[in-house]
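Please read the structure below before turning to the comments.
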Amino acid sequence: MTIDPVDHAVISQGIIAAAREMGSKLVRSAYSTVVREAADASAALLDRDGRIVAQAEMIPMQLGSMTATWQACVDHHPVEDLVEGDFYLSNDPYNGAQHIPDVFIFQPVFFEGRVIAFAASVAHHLEFGGAAAGIVADATD
Numbered sequence: 039m040t041i042d043p044v045d046h047a048v049i050s051q052g053i054i055a056a057a058r059e060m061g062s063k064l065v066r067s068a069y070s071t072v073v074r075e076a077a078d079a080s081a082a083l084l085d086r087d088g089r090i091v092a093q094a095e096m097i098p099m100q101l102g103s104m105t106a107t108w109q110a111c112v113d114h115h116p117v118e119d120l121v122e123g124d125f126y127l128s129n130d131p132y133n134g135a136q137h138i139p140d141v142f143i144f145q146p147v148f149f150e151g152r153v154i155a156f157a158a159s160v161a162h163h164l165e166f167g168g169a170a171a172g173i174v175a176d177a178t179d
């Protein structure tokens, strides 16, 4: 399939603009102070196979683990089993995520009843509750 260079530019820039808008909305609407004030978050559009198609210019390091985290979610619950309204949520550092405070959300995009892409985000949360406050507040080393 060949595509006209102008059509390619319009489509690709539209997809990039969508990813940028996702990142902007994520920061502006965040409850987490570190996301709102330091923009410690990222947003991207993934294809059906979890490959990053477009990304917001935020924190590239977080995007480095996005595909691995997505794959861990798919390994537990295949894409074919998703229905509208489902999404993946993970912060498991042993399955792709960088550390517990980074929460990944993968929202499937459906077209004619079939998953064609994923809207993805990762945002750092300061506190989850637990035995000790903070990220590693009870560490002794």
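Throughout, the numbering used here is defined as the position within the sequence shown, counted from one, plus 38.
Glycine is no exception: its CB is placed at the ideal position from the N, C-alpha and C atoms.
Anyone know if the C-beta pair for residue i and residue j falls short of 8 Å?
i    : j    : result
V91  : A79  : no
Y126 : F144 : yes
For residue i and residue j, which I take to be in contact (beta-carbon distance under 8 Å), what is that distance rounded to the nearest angstrom?
i    : j    : result
A82  : R74  : About 20 Å separates the two Cβ atoms, so there is no contact after all.
A158 : F148 : At roughly 15 Å, the Cβ-Cβ gap does not stay under 8 Å, so A158 and F148 are not in contact.
V160 : Q100 : 5 Å
I129 : D140 : Before going on, a small fix: residue 129 reads as Asn here, not Ile. So it is a contact: roughly 6 Å between Cβ atoms.
A94  : G61  : 3 Å
M96  : A77  : 6 Å
Going by C-alpha to C-alpha distance, which of the options sits closest to residue i?
i    : options                : result
D87  : I53, E118, H137        : E118
E122 : Q100, L84, P146        : P146
A106 : I97, A135, P116        : A135
I138 : P116, D124, F166, L120 : F166
R89  : G151, W108, V72        : W108
A57  : D85, G151, E150        : D85
L120 : T71, E59, G151         : G151
Mark residue i as exposed unless 16 or more other C-beta atoms lie within 10 angstroms of its C-beta, in which case mark it buried.
i    : result
H163 : buried
G52  : exposed
A155 : buried
S50  : exposed
A55  : exposed
A47  : exposed
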